[in-house]
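Chemist: Can you read through this structure? Questions will come right after.
2 protein chains.
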Amino acid sequence: MSKPEPNGTAAATGDGSLGGFDSVDKMLEAYVPADKLVHVQRVLHGWNQGRPVAAVPLPEAATSAAAEGGYDLQAYRFEAAPEQLRPPRVVRVGLVQNACPAPTTAPFAEQRQAIHDRVRQIIDAAGEAGVQVLCMQEAWHMPFAFCTREKSWCEFAESAEEGPSTRLCQELARKHGMVIVNPILERDDAHGGTIWNTAVVIGNNGNVIGKHRKNHIPRVGDFNESTYYMEGNTGHPVFETAFGKIGVNICYGRHHPMNWQGFGLNGAEIVFNPAATVGELSEPMWPIEARNAAIANSYYVGAINRVGTEHFPNAFTSGDGKPAHKDFGHFYGSSYFAAPDASRTPPLARHKDGLMIADLDLNLCQQLKDKWGFRMTARYDMYAEQLAAYVRHDYRPQVIKDPSL
Amino acid sequence: MSKPEPNGTAAATGDGSLGGFDSVDKMLEAYVPADKLVHVQRVLHGWNQGRPVAAVPLPEAATSAAAEGGYDLQAYRFEAAPEQLRPPRVVRVGLVQNACPAPTTAPFAEQRQAIHDRVRQIIDAAGEAGVQVLCMQEAWHMPFAFCTREKSWCEFAESAEEGPSTRLCQELARKHGMVIVNPILERDDAHGGTIWNTAVVIGNNGNVIGKHRKNHIPRVGDFNESTYYMEGNTGHPVFETAFGKIGVNICYGRHHPMNWQGFGLNGAEIVFNPAATVGELSEPMWPIEARNAAIANSYYVGAINRVGTEHFPNAFTSGDGKPAHKDFGHFYGSSYFAAPDASRTPPLARHKDGLMIADLDLNLCQQLKDKWGFRMTARYDMYAEQLAAYVRHDYRPQVIKDPSL
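These protein sequences, in sequence, are chains E and R. Taking my numbering, I'd label the letters of the first sequence as residues 1 to 405. Taking my numbering, I'd label the letters of the second sequence as residues 1001 to 1405.
What follows is the structure, given as structure tokens:
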């Protein structure tokens, strides 16, 4: 197996003014003394709340595959308290972040094949490591070309049920007995070839359980996705798999707290957030939103971001008055897990492909619901009324004006 | 003016296993080299996004009052881009965190007077510093005695319109031309002496503009507040003051994203979160929730936490199987501002009274709404329907079960 030099993951492609470092965690580990770091980690990562997030040893086959493949591999464990009436329900979950190995100027078939080959390597390692549920980044099978507004990239769209990326995931799901969440650009031939941003959920027997379409579509920066597809029409499905109930909040939906909540109301224990987002725009939000969702909804979140810098054939402008250019900015990776008790793992690297693994005791979800009581104290009736009023065009905001002014 | 030794703010009272440090920020500044710290701060604090959070110089009268009074004083500035059709709308806003100076065994009148005297000092310094809108911590006029479940502490409840704490705030509002948010334990004599957890909003002319009652009441840890008062009945009012539109999300409401959203839908530009929360329970959540709210709702948040360790006369248990004890744990202060662009200030100290000041350009709220478009992409109609269905007792969650299992 040769070491690929993926497009945009080598140090040379860096992220310029954004610093080119691996992760904030690694910087803190390098400089903050251990007796102080424990306090920093308690406040910043929710560690040492009785349930430290511990590193987990992996089989040599997995670690050597990662070393040979040149990607980041990390593994942790979230623990729940023992219960008297239920055994622990520990699920091993994986997140994959990957750059596009071939340049965007290569023939499309070649680009897709290069990504498939790379991701197959990583998923095989996840299988060696015993991962039971795995999620890839948003539109993992193609460059994130929506910045260009060129419609030729629509060629990458494929059937959710029988496209080549779904077929690959089905093969790997069967091989490893693994549930795979497969976020793709979908072409919906049952509806005139409509395009959607879709996550296909494939069961551990290789069957397609169902799909979810991205609910919220951005219009910010170079995220010209509204040029390509519309708001999803699949609600907030939760998929009951062999290894737990999972939901998928795709990318920009993470900025919408009610989207996170929608999956929670339907019973999700793990919600994945497959994303593609760049450093200049969103990096300070990245450590916030997934964790807030995990806390507020008493479930685990697996947050996955694309990695690398993708260069496109034709220059485009970004609506910011700056000259036309050929790249979207740096996708900063940093995939991580967040738990309902406010703890989190460190992130994967900002510049490398990666596989993040965590053992999640799903019992923690109910334990946190019982501890904090957010569901019972949520007053959904009040908010149902407020929203029903708000969506009317003649909504009158509840404003109390100072009468003395 | 003598230096008081407030109950629980001296180093000696510390917070034991929680480390006794001033703030994570101060630790990072002490150990991380400046050329690395800039990257840490970019990711952790949203700085260097074109709008660094800059320290602001204050009048000598304010800084010397803080030095003499022995409390933490910090001041920052959040900037917005210049606009062509609107001038900047910069408001100077203050947050006060304070311990209880007298022991909880002192006569109640003496306890309240000691707090009034201390807070008067701090608000007078805020006036010298030109603060226009100020908010205090939750139930600032009394010890947070709800851990005890003893009803004698209800004596501290007072009229929202004419109680002694409201009177003091009215006097100081008139003196300094300042809007003051006054979170108190309210006794509602118009409804049979009912008790509420209430924020009274006092205008810069000293008049009571209105009040808001805490929407979500905790049942967690020693937060036995549901023993004392019920869920609020005032909706999500936004108060239109001389210096902007403000809302108040009281304490535990910060765990409820729809509560934050309620104030946003009604047009808030600044939402205060007056709180009282302790380190073992919530400290890793504290840097997350207010920032997530500021991002998701495109407004500023001023998050205020009580400070110090309060010891009560009679021992109580905490529902955790541990022996009866007399303290609630350490209220860790750490009050801060969060902005809609994901940036934040450093926190006030974890062990000292404090006054946090920030100049907020309110134009940033609309700028972030226009940039990110969260309001327009929010699909409130979908959520109004979901919640209307969910509140029915026979709601059927949207679950897709793997048919192969």
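C-beta: ideal position from N, C-alpha, C; glycine also.
1) Taking C-beta pairs closer than 7 Å, name the residues in chain R that Ser404 of chain E reaches, listed in chain order.
2) Just confirm the distance between the C-beta atoms of Ile1209 of chain R and Tyr1252 of chain R, as a whole number of angstroms; I'd bet it's less than 8 Å.
3) Give the C-beta separation of His351 of chain E and Thr104 of chain E to the nearest angstrom, bearing in mind that I take them to be a contact with Cβ-Cβ under 8 Å.
4) With DSSP collapsed to three states, give me the class of Val93 of chain E.
5) Anything in chain R within Cβ reach of Asp480 of chain E, meaning under 7 Å, just list it in chain order.
6) What's the call for Met1001 of chain R, buried or exposed, on a 16-neighbour Cβ count within 10 Å?
7) So, is Met136 of chain E buried or exposed, given that buried needs 16 or more other C-beta atoms within 10 angstroms?
8) Should Ala1081 of chain R be counted as a contact of the ligand GTP given a C-beta to heavy atom distance under 7 Å?
9) Under 8 Å, Cβ to Cβ, is there at least one residue of chain E near Glu1283 of chain R?
10) Is any beta-carbon of chain R found at less than 8 Å from that of Thr104 of chain E?
11) So Ala80 of chain E and Leu405 of chain E are in contact, right, with Cβ under 8 Å, and what is the actual spacing, rounded?
12) Considering only the beta carbon of each residue, do Ala1408 of chain R and Ala1384 of chain R sit closer than 8 Å?
13) Could you name the residues of chain E that Val1032 of chain R contacts, counting a contact when the two beta carbons are closer than 8 Å?
14) Residues in the segment 1344–1358 of chain R with C-beta within 7 Å of chain E's C-beta atoms, listed in sequence order?
15) Using DSSP bridges, identify the partner residues of Arg1077 of chain R.
16) If distances are taken between C-alpha atoms only, which option among E:Phe328, E:Gly333, E:Arg306 comes closest to Trp140 of chain E?
17) Measure the beta-carbon distance from His409 of chain E to Trp1372 of chain R and round it to whole angstroms, keeping in mind my assumption that it falls under 8 Å.
18) Can you pull the chain E neighbours of Arg1042 of chain R, defined as C-beta to C-beta under 8 Å?
19) Any residues in the segment 1180–1202 of chain R with a beta carbon nearer than 7 Å to a beta carbon of chain E? Which ones, in chain order?
20) Please list the segments of the beta strand (DSSP E) lying wholly inside the segment 1313–1375 of chain R, counting only runs of 3 or more residues, in order along the chain.
21) When DSSP labels each residue in this structure, what does Ile975 of chain R get in the three-state scheme?
22) With 8 Å as the threshold, decide whether the Cβ of Lys1214 of chain R is near any Cβ in chain E.
23) For Thr9 of chain E, does the count of other Cβ atoms within 10 angstroms reach 16, so buried, or fall short, so exposed?
24) Compute the Euclidean distance between the alpha carbons of Ala1109 of chain R and His1116 of chain R, then round it to the nearest angstrom.
25) Name the residue from E:Ile195, E:Gln261, E:Ser64, E:Val93 whose alpha carbon lies nearest to the alpha carbon of Tyr76 of chain E.
26) Scan the segment 1149–1172 of chain R for residues whose Cβ lies nearer than 9 Å to a Cβ of chain B and list them as they occur along the chain.
27) Between R:Glu1162, R:Ala1190, R:His1191, which has its C-alpha nearest Ile1184 of chain R's C-alpha?
28) How is the alpha helix (DSSP H) around Trp286 of chain E delimited, first residue to last?
29) Determine the contact status of Glu225 of chain E and Asn215 of chain E, defining contact as a CB-CB distance below 8 Å.
30) Give me the DSSP bridge partner(s) of Ala1199 of chain R.
31) Can you check whether the C-beta of Arg1092 of chain R is within less than 8 Å of a C-beta belonging to chain E?
32) Based on the DSSP output, what are the partners of Leu134 of chain E in its beta bridges?
33) Residues in the same chain with beta-carbon distance under 7 Å from Tyr71 of chain E, minus the five sequence neighbours each way, listed in chain order, please.
34) Would Pro1237 of chain R pass as an interface residue toward chain E - the criterion being a Cβ-Cβ separation below 8 Å?
35) DSSP beta-bridge partners for Tyr1300 of chain R?
36) Classify Met1178 of chain R: buried if its beta carbon has 16 or more other beta carbons within 10 angstroms, exposed otherwise.
Modeler: Quick answer:
1) Gly1203, Asn1205, Asn1207
2) Contact doesn't hold; Cβ gap of about 24 Å is too wide.
3) Their Cβ separation, rounded to whole angstroms, is 19 Å, which puts His351 of chain E and Thr104 of chain E out of contact at 8 Å.
4) If DSSP states are grouped into helix, strand and coil, Val93 of chain E belongs with the strands.
5) What is shown of chain E runs 1 to 405, which leaves residue 480 of chain E out entirely.
6) Reliability of the predicted coordinates at Met1001 of chain R is poor, the pLDDT of 33 falling under 50, and the value obtained from them is presented with this limitation in mind. Exposed, because fewer than 16 other Cβ atoms sit within 10 Å of the Cβ of Met1001 of chain R.
7) buried
8) Absence of the ligand GTP is noted for the structure shown, with no ligands found whatsoever.
9) yes
10) no
11) The pair is not a contact, with the Cβ atoms about 54 Å apart (cut-off 8 Å).
12) Only positions 1001 to 1405 of chain R appear in the structure, and residue 1408 of chain R is not among them; the question remains open.
13) Within chain E, the residues whose beta carbon sits less than 8 Å from that of Val1032 of chain R are Met27, Leu28, Tyr31, Val32, listed in sequence order.
14) none
15) R:Ala1054, R:Asp1359
16) E:Arg306
17) Outside the shown range of chain E, which is 1 to 405, sits residue 409 of chain E, and nothing can be said about it.
18) Neighbours of Arg1042 of chain R on chain E, chain order: Leu18, Gly19, Glu283, Pro284.
19) none
20) 1325–1332, 1336–1338, 1354–1361
21) Residue 975 of chain R is absent from the structure shown; chain R starts at 1001 and stops at 1405.
22) no
23) Its pLDDT being 42, under 50, Thr9 of chain E is placed unreliably by the model, and nothing is read from it.
24) 10 Å
25) E:Val93
26) In the displayed structure, chain B is absent; the protein chains listed are E and R.
27) R:Glu1162
28) Start and end: 286–297.
29) no
30) R:Pro1183, R:His1212
31) no
32) Paired residues: E:Gly94, E:Ile180.
33) Ile122, Lys352, Asp353, Gly354, Leu355
34) yes
35) R:Ile1270
36) buried
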